[in-house]
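There are 2 protein chains.
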Amino acid sequence: MARLVMKFGGTSVGSVERIKNVAQRVKKEVEAGHEVAVVVSAMSGETNRLVQLTSEVASLHDAREYDVVVSSGEQVTVGLLSMALQDLGINARSWLGWQVPIKTSAVHGSARIEEIDCSEIVKRFADGQVAVCAGFQGIGSDARITTLGRGGSDTSAVALAAALEADRCDIYTDVDGIYTADPRIATKASKLDRITYEEMLELASLGAKVLQTRSVEMAMKHRVKLQVLSSFEELPGTLVVDEEDIVEQHVVSGVTYTRDEAKVTLQQVSDTPGIAATVFGALADAHVNVDMIVQNVSENGKATDLTFTVGKNDLQPALKVLEGLKDKVNCKALVPDPNVVKVSIVGMGMRSHAGVAQTMFAALAEKGINIQVISTSEIKVSVLLAEEYTELAVRTLHSAFNLDAA
Amino acid sequence: MARLVMKFGGTSVGSVERIKNVAQRVKKEVEAGHEVAVVVSAMSGETNRLVQLTSEVASLHDAREYDVVVSSGEQVTVGLLSMALQDLGINARSWLGWQVPIKTSAVHGSARIEEIDCSEIVKRFADGQVAVCAGFQGIGSDARITTLGRGGSDTSAVALAAALEADRCDIYTDVDGIYTADPRIATKASKLDRITYEEMLELASLGAKVLQTRSVEMAMKHRVKLQVLSSFEELPGTLVVDEEDIVEQHVVSGVTYTRDEAKVTLQQVSDTPGIAATVFGALADAHVNVDMIVQNVSENGKATDLTFTVGKNDLQPALKVLEGLKDKVNCKALVPDPNVVKVSIVGMGMRSHAGVAQTMFAALAEKGINIQVISTSEIKVSVLLAEEYTELAVRTLHSAFNLDAA
């Protein structure tokens, strides 16, 4: 007997028929003798519909009221899934965030889970009851409904698994696991059986949209064993585990990409101390997150180019801030470029293998792909390229690191 | 300065545009210096959509889960209306049933309000805050969401008005008041300025669909002054008040009708003691409510016809029960007739005026309308007629009691 958390996203509960399918999946685990808590999202499209209503009512609105409206989507799903389970003869009840309770900070719209009291749920496991919990929501210190931000149901599931000391947290999605690259681009991509938390965290941050970054951080912190698997097919998925649970370590486990960033270049700014602090300080004050940064050595010791990337959504606010600074930093021209892609390789094995970055740069050079910016961490190398090279770069790197399936 | 409860039904909040209109109506009362609590229903169509989902998931379902699903409709409306008010510069917050709290019995799907603690709402009135409360929902003794049954938002509004000791409870609807008859049938019908609780209660029970019966009972019990008015036009509506607040009493205040009943005749049953008890006892055991009853005097002292009405929805269950009794009561034939209408006249003045029923019967006879069953109370007379006479009977009685507008 194991204790399991099963999480189903919006697509998996997108219709009455799919909710009934989910009930069958849950039934199977219950009949195998497991204690089960289920976490569900709103039916697909529902959260968008609700968000749309809030923005039609008022363009600037109270995040507390936004949470009241938007959290209703998950409320519908937990009720329907509990009914579907009962219809199959399974003892089940729904739990809203405030009922568990899932206590969060009072930062409405993007609250953080602080504490989950699951004593009542555990008590009912003894009676064979399945807990069907609303993802994405909690109750704030102000006793009002909070939401965790888009994709927050993954975080709800992992946090509940941690609180329940669950043996595993299964994340059911519309893909059947974590791949060595996006299979729509790299046709030779293959599903990974296992991946470390650290790698998964980099992949999630770098563009793989299967798991929410915050949920992976939380799983890593609390050592919750995660599995990503398909809600439509009955196949084993990808396990996200501790490094020591992985026997054969790849140098590079995956290639990923994101088109969500934009490049900005400040041409010919003064090459004097404090310029970078001025620029990035002003951007931070405007809540613009800067990702990759490169500053060229100046030829004459007087002026240099400063290049960096920001989220595409932040490009306009960033340009507004920078326009105001142009004179102050003696910038000749301000050149935005949204047509870029960040391609990354991720792997725990990099720590012990030299020459990984070199292999990457050589492979791209061979295809005539120019690298605009580079950034690295212990287990990843990212490069910024012109967007048109996305597919070519991903396929090239997938081959260069021997990830192509035989 | 007065303390007001304003209630808006599903049609009145049926779109973003209408929610913004409601916010304007509320703003006007706030700017007049009043303390305001608003009660809203789900956006029109929404409750039906949610109910449909529950019945698609499982034909027989847990009423507790039904309440979780269906109560989400009002949750959306309170959030949106609070935003719309804030957008107009009005301090407002939403309150769900469990937040107020509105404590109810745990009879899920048709709970009764037991207690409302509105101390926090009153405290916030002092800060000029408008309370936007979800109608139709509460929290049961089992700490789970309950709903009051269809149309329950009227009851929520009146109960809140009673708890708040409000000066008035305004029920905004898609009609602009209570009419002497359905204006779609009686073109000469006119709006009543005032009506007593007792008359309103009879009208609501007898087919007028403007107010839910339970809400009128509650208003009468707690002496909550009700006003029914249009949410689309700015006109005074109809006040529902104590008898002593009405200066000029009509003999008959209104004519109403309902097609929701069906007639059943047991032909030639034994005219012996205990037959009625057997028949109506068996129907009561099957939870079938019987309304009008008539038993003819038997010609030979041996057999008689027993006729009564039940709700149209109860006709099939009633016939099933009666089929099983046919032999026991020596019934020759069981004749159902769903094509009937109950037409009623209602008026406090009847208590002190003789001959009202006689006037009614004579007016119908003059038009050749046959009366099948009669029932009376202190302030109403109801007759059962063939359904085809509905419009003719309503117009005839409206004229006979001098209700036609000049």
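In order, the protein sequence lines correspond to chains A and B. Each residue of the first sequence is one higher than the one before, starting from 3 at the first, in my numbering. Each residue of the second sequence is one higher than the one before, starting from 3 at the first, in my numbering. Note that CB positions come from ideal geometry on N, CA and C, so glycine has one too.
Item, Value
"Candidates A/8, A/212, A/34 and A/229, of which the one nearest residue 422 of chain A by Cα", "Here chain A covers residues 3 to 408 and nothing more, so residue 422 of chain A does not appear."
"Pick from B/351, B/397 and B/233 that is closest to residue 26 of chain B, judged by C-alpha positions", "B/233"
"Members of the region 46-60 of chain A that neighbour chain B once the beta carbon cut-off is set at 8 Å", "52, 55, 56, 58, 59 and 60"
"Exposure of residue 137 of chain B, with buried meaning 16 or more beta-carbon neighbours within 10 Å", "buried"
"Continuous alpha helix (DSSP H) assignments of at least 4 residues falling wholly in the region 327-390 of chain B", "358-368"
"Within chain B, partners of residue 88 of chain A - CB distance below 8 Å", "60, 63, 64 and 67"
"Counted within 10 angstroms of its Cβ, other Cβ atoms place residue 287 of chain A as buried (16 or more) or exposed", "exposed"
"DSSP-derived helix/strand/coil call for residue 223 of chain A", "helix"
"Cα-Cα separation between residue 333 of chain A and residue 268 of chain A, rounded to whole angstroms", "6 Å"
"Cβ separation of residue 141 of chain A and residue 198 of chain A, assumed to be a contact under 8 Å, to the nearest whole Å", "Their Cβ separation, rounded to whole angstroms, is 34 Å, which puts residue 141 of chain A and residue 198 of chain A out of contact at 8 Å."
"Residue-level contact to chain A via CB, residue 139 of chain B, 9 Å cutoff", "no"
"Separation of residue 77 of chain B from residue 29 of chain B, as counted between CA atoms", "21 Å"
"CA nearest to the CA of residue 119 of chain B, picked from B/83, B/350 and B/167", "B/167"
"Where residue 213 of chain A falls, given that 16 or more other Cβ within 10 Å makes a residue buried", "buried"
"For residue 206 of chain B, three-class secondary structure by DSSP", "helix"
"Cross-chain neighbours of residue 82 of chain B in chain A, by beta carbon under 8 Å", "55, 56, 59, 67 and 71"
"Reduced DSSP secondary structure (H/G/I, E/B, other) of residue 294 of chain B", "strand"
"Short-range partners of chain A found in the region 368-387 of chain B, where Cβ spacing is below 8 Å", "none"
"6 Å Cβ shell around residue 403 of chain B - same chain, five flanking residues per side excluded", "254"
"Separation of residue 321 of chain B from residue 274 of chain B, as counted between CA atoms", "22 Å"
"Residue 69 of chain A - containing alpha helix (DSSP H), residue span", "65-72"
"Under 9 Å between C-beta atoms of residue 94 of chain A and residue 134 of chain A", "yes"
"Stretch-stretch touch, CB-based, cutoff 8 Å, three pairs: the region 58-70 of chain B with the region 84-98 of chain B", "no"
"Under 7 Å from the C-beta of residue 158 of chain B: neighbouring residues of chain A", "Simply none; closest approach about 17 Å."
"Bridge-paired residues (DSSP) for residue 147 of chain B", "B/141"
"Simplified DSSP state of residue 410 of chain B, which is helix, strand or coil", "In the structure as shown, chain B starts at 3 and stops at 408, and residue 410 of chain B therefore has no counterpart that could be examined."
"contact_flag[the region 387-403 of chain B, the region 361-376 of chain B] where n(CB pairs < 8 Å) is 3 or more", "yes"
"Within chain A, the residues that residue 85 of chain B reaches when beta carbons sit closer than 7 Å", "56, 59, 60, 63, 64 and 67"
"Contact with chain B by residue 21 of chain A, beta-carbon distance below 9 Å", "yes"
"Where residue 301 of chain B falls, given that 16 or more other Cβ within 10 Å makes a residue buried", "exposed"
"Pick from A/89, A/265, A/262 and A/297 that is closest to residue 271 of chain A, judged by C-alpha positions", "A/297"
"Identity of the residue in A/377, A/157, A/316 and A/315 nearest residue 295 of chain A by Cα", "A/377"
"Residue closest to residue 33 of chain B, alpha-carbon to alpha-carbon, out of B/65, B/131 and B/70", "B/131"
"9 Å Cβ cutoff met for residue 139 of chain B and residue 153 of chain B", "no"
"Inter-residue Cα distance where the pair is residue 311 of chain A and residue 111 of chain A", "26 Å"
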